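J.: Take this structure, written in C-alpha coordinates, and hold onto it; I'll ask about it next.
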Amino acid sequence: MLTVAILALSACGGDGDDASRTSSPERTAQNSPAPASPAAASSPGTAAAAPGDLDAAGAAALKAVPNSTLISIETEGSGWEVQTVTADGTEHELMVNADGSQIIRNDTKQEDAEDKAKHQERVKAAKIDYSEAAQKMHSAVPNAQITELNLDTWRGTTVWEGDLQTSDGAKHSVKIDAGSGKVLLP
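Residue numbers (the working numbering): 21 to 206.
Now the structure itself:
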(Lines of atoms letter the chains of each structure in order from A and count residues from 1; the text may use other names and numbers.)
(Lines give C-alpha, C1' and ligand atoms only; values in the text may rest on other atoms or scores of the structure.)
Protein backbone atom coordinates (compact mmCIF):
# COMPACT_ATOMS: atom_id res chain seq x y z
CA MET A 1 0.00 0.00 0.00
CA LEU A 2 1.29 3.41 -0.93
CA THR A 3 2.21 5.43 2.12
CA VAL A 4 0.83 8.90 1.70
CA ALA A 5 1.46 12.07 3.60
CA ILE A 6 -0.98 14.86 3.10
CA LEU A 7 -0.26 17.98 5.07
CA ALA A 8 -2.99 20.48 5.68
CA LEU A 9 -2.30 23.57 3.62
CA SER A 10 -2.49 25.72 6.72
CA ALA A 11 0.19 23.64 8.43
CA CYS A 12 2.82 23.81 5.72
CA GLY A 13 4.05 27.39 5.97
CA GLY A 14 7.51 28.38 7.12
CA ASP A 15 9.38 25.09 6.91
CA GLY A 16 11.23 25.86 3.66
CA ASP A 17 14.73 27.26 3.63
CA ASP A 18 13.59 30.24 1.62
CA ALA A 19 10.37 32.05 0.95
CA SER A 20 10.79 32.03 -2.80
CA ARG A 21 8.69 29.69 -4.85
CA THR A 22 10.77 27.21 -6.70
CA SER A 23 10.07 23.78 -8.00
CA SER A 24 10.81 20.92 -10.24
CA PRO A 25 12.85 18.71 -12.30
CA GLU A 26 15.34 17.64 -14.80
CA ARG A 27 13.04 17.11 -17.77
CA THR A 28 14.11 19.02 -20.86
CA ALA A 29 12.06 19.55 -23.96
CA GLN A 30 14.66 17.67 -25.98
CA ASN A 31 14.97 14.52 -23.91
CA SER A 32 11.51 13.52 -22.77
CA PRO A 33 7.89 14.20 -23.50
CA ALA A 34 5.58 15.10 -20.66
CA PRO A 35 2.60 12.87 -19.92
CA ALA A 36 -0.87 14.38 -19.97
CA SER A 37 -2.52 15.78 -16.86
CA PRO A 38 -6.15 15.36 -15.93
CA ALA A 39 -8.35 18.17 -17.20
CA ALA A 40 -9.08 21.00 -14.82
CA ALA A 41 -12.34 21.04 -12.94
CA SER A 42 -14.09 23.43 -10.64
CA SER A 43 -17.54 23.74 -9.24
CA PRO A 44 -19.63 26.76 -8.40
CA GLY A 45 -18.76 28.29 -5.06
CA THR A 46 -15.25 26.87 -4.89
CA ALA A 47 -11.92 28.37 -5.81
CA ALA A 48 -10.88 27.58 -9.35
CA ALA A 49 -8.76 24.50 -9.81
CA ALA A 50 -5.85 24.32 -12.24
CA PRO A 51 -6.69 26.25 -15.40
CA GLY A 52 -5.49 23.61 -17.83
CA ASP A 53 -2.77 21.15 -18.58
CA LEU A 54 0.23 21.36 -16.22
CA ASP A 55 2.36 19.02 -18.31
CA ALA A 56 1.65 20.83 -21.58
CA ALA A 57 2.46 24.20 -19.98
CA GLY A 58 5.68 22.77 -18.50
CA ALA A 59 6.73 21.26 -21.82
CA ALA A 60 6.07 24.58 -23.61
CA ALA A 61 8.23 26.46 -21.11
CA LEU A 62 11.06 23.95 -21.44
CA LYS A 63 10.89 24.23 -25.22
CA ALA A 64 11.03 28.04 -24.96
CA VAL A 65 14.15 27.86 -22.75
CA PRO A 66 16.22 25.02 -24.27
CA ASN A 67 18.42 22.91 -22.00
CA SER A 68 16.73 24.13 -18.86
CA THR A 69 15.07 22.46 -15.89
CA LEU A 70 11.59 23.32 -14.70
CA ILE A 71 11.73 24.31 -11.01
CA SER A 72 8.27 25.83 -10.46
CA ILE A 73 4.84 25.82 -12.04
CA GLU A 74 1.71 27.34 -10.60
CA THR A 75 -1.66 28.61 -11.70
CA GLU A 76 -1.76 32.32 -12.39
CA GLY A 77 -5.06 33.72 -13.57
CA SER A 78 -6.18 31.60 -16.50
CA GLY A 79 -2.69 30.28 -17.26
CA TRP A 80 0.54 29.06 -15.70
CA GLU A 81 3.55 30.88 -14.29
CA VAL A 82 6.57 28.68 -14.91
CA GLN A 83 10.16 29.06 -13.73
CA THR A 84 13.03 27.24 -15.37
CA VAL A 85 16.76 27.25 -14.61
CA THR A 86 19.61 26.84 -17.07
CA ALA A 87 22.82 24.99 -16.20
CA ASP A 88 24.51 28.19 -15.02
CA GLY A 89 21.70 28.77 -12.48
CA THR A 90 19.98 31.55 -14.42
CA GLU A 91 16.24 31.59 -13.74
CA HIS A 92 13.68 32.29 -16.45
CA GLU A 93 10.11 33.20 -15.59
CA LEU A 94 7.48 32.46 -18.20
CA MET A 95 3.76 32.92 -18.47
CA VAL A 96 2.09 30.14 -20.45
CA ASN A 97 -1.55 29.98 -21.46
CA ALA A 98 -3.80 27.33 -19.90
CA ASP A 99 -3.39 24.62 -22.52
CA GLY A 100 0.35 25.17 -23.05
CA SER A 101 -0.02 26.30 -26.66
CA GLN A 102 1.40 29.80 -26.24
CA ILE A 103 4.18 31.53 -24.31
CA ILE A 104 2.78 34.87 -23.22
CA ARG A 105 5.90 36.19 -21.45
CA ASN A 106 9.50 35.00 -21.12
CA ASP A 107 11.72 37.01 -18.75
CA THR A 108 15.23 36.32 -17.47
CA LYS A 109 15.58 37.10 -13.78
CA GLN A 110 18.61 39.02 -12.56
CA GLU A 111 19.90 37.12 -9.52
CA ASP A 112 23.11 37.08 -7.56
CA ALA A 113 25.62 34.22 -7.46
CA GLU A 114 24.15 32.86 -4.20
CA ASP A 115 20.67 32.48 -5.73
CA LYS A 116 22.10 30.85 -8.85
CA ALA A 117 24.11 28.40 -6.72
CA LYS A 118 20.97 27.50 -4.72
CA HIS A 119 19.11 26.74 -7.96
CA GLN A 120 21.99 24.59 -9.21
CA GLU A 121 22.18 22.69 -5.91
CA ARG A 122 18.47 21.87 -5.91
CA VAL A 123 18.44 20.84 -9.57
CA LYS A 124 21.44 18.57 -8.97
CA ALA A 125 19.76 16.96 -5.93
CA ALA A 126 16.50 16.29 -7.77
CA LYS A 127 16.42 12.81 -9.28
CA ILE A 128 12.75 13.07 -10.24
CA ASP A 129 11.34 15.85 -12.38
CA TYR A 130 8.19 17.93 -12.05
CA SER A 131 6.11 15.51 -14.09
CA GLU A 132 7.09 12.51 -11.96
CA ALA A 133 6.44 14.53 -8.80
CA ALA A 134 3.02 15.54 -10.15
CA GLN A 135 2.14 11.90 -10.83
CA LYS A 136 3.06 10.97 -7.25
CA MET A 137 0.97 13.85 -5.93
CA HIS A 138 -2.02 12.78 -8.01
CA SER A 139 -1.65 9.30 -6.49
CA ALA A 140 -1.51 10.81 -3.00
CA VAL A 141 -4.59 12.99 -3.55
CA PRO A 142 -6.74 11.33 -6.23
CA ASN A 143 -9.00 13.52 -8.35
CA ALA A 144 -7.20 16.69 -7.30
CA GLN A 145 -5.66 19.37 -9.47
CA ILE A 146 -2.17 20.69 -8.78
CA THR A 147 -2.28 24.45 -8.42
CA GLU A 148 1.37 24.90 -7.44
CA LEU A 149 4.47 22.72 -7.66
CA ASN A 150 7.91 23.91 -6.54
CA LEU A 151 11.38 22.51 -6.05
CA ASP A 152 12.49 23.70 -2.62
CA THR A 153 14.36 22.70 0.52
CA TRP A 154 12.38 21.40 3.50
CA ARG A 155 14.03 20.28 6.73
CA GLY A 156 17.36 19.94 4.93
CA THR A 157 15.96 17.83 2.07
CA THR A 158 15.35 18.90 -1.52
CA VAL A 159 11.65 18.36 -2.11
CA TRP A 160 8.87 18.92 -4.56
CA GLU A 161 6.19 20.85 -2.69
CA GLY A 162 2.73 20.76 -4.19
CA ASP A 163 -0.56 22.42 -3.43
CA LEU A 164 -3.57 20.51 -4.69
CA GLN A 165 -7.28 21.20 -4.72
CA THR A 166 -10.16 18.78 -5.07
CA SER A 167 -13.40 19.63 -6.88
CA ASP A 168 -15.13 20.27 -3.53
CA GLY A 169 -12.60 23.04 -2.79
CA ALA A 170 -10.54 21.10 -0.22
CA LYS A 171 -6.88 22.08 -0.30
CA HIS A 172 -3.98 19.73 0.36
CA SER A 173 -0.21 20.07 0.50
CA VAL A 174 2.11 17.21 -0.43
CA LYS A 175 5.89 16.98 -0.24
CA ILE A 176 7.91 14.50 -2.30
CA ASP A 177 11.60 13.82 -1.64
CA ALA A 178 13.11 14.99 -4.93
CA GLY A 179 16.02 12.56 -4.57
CA SER A 180 14.18 9.35 -3.71
CA GLY A 181 10.66 10.08 -4.94
CA LYS A 182 9.18 9.10 -1.57
CA VAL A 183 6.19 10.95 -0.12
CA LEU A 184 7.36 12.57 3.11
CA LEU A 185 5.60 12.34 6.44
CA PRO A 186 4.89 15.59 8.28
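Every residue gets a Cβ at the ideal spot worked out from N, C-alpha and C, and that includes glycine.
For clarity, every value in this text was computed on a predicted model and none was experimentally measured.
Let me know the secondary structure DSSP gives E94 once reduced to three states.
T.: strand
J.: With DSSP as the reference, label Q140 as helix, strand or coil.
T.: helix
J.: Applying the criterion that 16 or more other CB atoms from any shown protein chain within 10 Å of the CB defines a buried residue, is T255 buried or exposed?
T.: Residue numbering for the chain in the displayed model covers 21 to 206; residue 255 lies beyond these limits and cannot be assessed.
J.: What are the complete beta strand (DSSP E) segments, minimum 3 residues, inside the segment 114-167?
T.: 123-128
J.: Going by DSSP in three states, D73 sits in which element: helix, strand or coil?
T.: Reduced to three states, the DSSP call for D73 is coil.
J.: Quick one: Cα of A133 to Cα of K144, how far?
T.: 16 Å
J.: Closest to D108 by C-alpha separation, out of S88, I124, W100, K202, would be which residue?
T.: Taking only the C-alpha atoms, the option nearest D108 is S88.
J.: Looking at the unbroken beta strand (DSSP E) that takes in T110, where does it start and where does it end?
T.: Careful: T110 lies outside any beta strand (DSSP E) and carries neither H nor E.
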